[in-house]
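Trainee: Residues in the sequence shown are numbered from 34 upward in steps of one, following our numbering.
Each residue gets a CB set at the ideal place from its N, CA and C atoms; glycine is no exception.
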Amino acid sequence: MKIVIINGPNLNLLGTREPGIYGNQTFEQYYEGLKSSFPQVEFDYFQSNIEGELIDRIQKVGFSYDGILLNAAAYTHTSVGIGDALKAIDTPVIEIHISNTFSREDFRHKSYITPLAKGIIVGFGLDSYRLGVESFLKS
Ligand code: DQA
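#1: For Lys151, collect the residues of the same chain with a Cβ closer than 6 Å to its Cβ; drop the 5 residues on either side in sequence, then sort them by chain order.
#2: Which class does Asp77 belong to by DSSP, given the choice of helix, strand or coil?
#3: Could you tell me the alpha carbon to alpha carbon distance between Ser121 and Ile146, rounded to whole angstroms?
#4: Would you list the residues sitting across from Lys35 in a DSSP beta bridge?
#5: Who sits around the ligand DQA, taking every residue whose Cβ is closer than 6 Å to one of its heavy atoms?
#6: If I follow the unbroken beta strand (DSSP E) through Gly165, where does it start and stop?
#7: Can you round the beta-carbon distance between Ile88 and Ile39 to whole angstroms, since I take them to be within the 8 Å contact cut?
#8: Give the C-beta separation of Gly165 and Ile131 to the nearest angstrom, bearing in mind that I take them to be a contact with Cβ-Cβ under 8 Å.
#9: Just to confirm before moving on: does the CB-CB distance between Leu44 and Ala106 stay below 8 Å?
#10: Excluding the 5 residues preceding and the 5 following Val74 in the sequence, name in chain order all residues of the same chain whose CB lies nearer than 7 Å to its CB.
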């Protein structure tokens with residue numbers, strides 16, 4: 034089982050960015066624990082603040098991996114390009130959000146990813162990623 038985690042803009046600042054919303058842990062710290070919890074999974078991780086780089090990575094992994102956990106962060110709410118990339122690939126995508134986007138500002142309620150995703154996991158903190166892995170393992 035090959036799973037790739039793709040994180041969008043500003044998620045490189047987890048740990049210091051708005052800790053009241055996103056917590057105190059860096060993604061790198063969380064990722065180490067996640068990998069050791071699932072030794073049977075081959076993980077890959079990519080983060081970028083640049084929309085085109087996220088699209089390039091989605092295209093690159095979208096025919097060879099078993100699952101994509103995609104937290105496109107702010108691009109979730111704006112990116113037709115990421116939506117089009119998801120339409121073009123075969124690998125199933127689970128949309129991930131750390132915070133509950135539906136209890137936040139209205140602009141965060143719109144997602145260009147949700148209609149193309151297998152499912153969405155929203156609002157469980159960094160644990161949202163673990164729940165995504167569990168879901169791929171069960172399917
Ligand atoms: C986020 C929610 C987005 O609205 C926001 O722009 C982010 C992070 C989350 O994981 O909660 O950067 O995707």
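Mentor: So, from the data block:
#1: Mapped onto the sequence shown, residue 151 falls at position 118. Listed in chain order, the non-local C-beta contacts of Lys151 below 6 Å within the same chain comprise Pro125, Ile127, local neighbours out to five positions each way being set aside.
#2: To locate residue 77, count along the sequence shown from 1; it is residue 44. Strand.
#3: Taking the sequence shown and counting its residues from 1, the one referred to as residue 121 is at position 88. Taking the sequence shown and counting its residues from 1, the one referred to as residue 146 is at position 113. Checking the sequence, you will find Ala at residue 121 rather than Ser. Going from the Cα of Ala121 to the Cα of Ile146 covers about 13 Å.
#4: Mapped onto the sequence shown, residue 35 falls at position 2. DSSP, once it has assigned bridges, lists Glu75 as partnering Lys35.
#5: Residues lining the ligand DQA by the Cβ criterion, that is a Cβ closer than 6 Å to any of its heavy atoms, are Asn43, Asn104, Ala106, Ala107, Thr109, His130, Ile131, Ser132, Thr134, Arg141 in chain order.
#6: Here residue 165 is taken as the residue at index 132 of the sequence shown, counted from 1. Run containing Gly165: none in the beta strand (DSSP E); it sits in the alpha helix (DSSP H), 160-171.
#7: Your numbering for residue 88 matches position 55 in the sequence shown. Your numbering for residue 39 matches position 6 in the sequence shown. Not confirmed; about 10 Å, so no contact.
#8: For the purposes of this step, residue 165 is taken as residue 132 along the sequence shown, with counting starting at 1. For the purposes of this step, residue 131 is taken as residue 98 along the sequence shown, with counting starting at 1. That pair is no contact at about 12 Å.
#9: The sequence position of residue 44 within the sequence shown is 11, counting from 1. The sequence position of residue 106 within the sequence shown is 73, counting from 1. Their beta carbons are under 8 Å apart, which means Leu44 touches Ala106 by this criterion.
#10: To locate residue 74, count along the sequence shown from 1; it is residue 41. These residues qualify, in order along the chain: Met34, Ile36, Val166.
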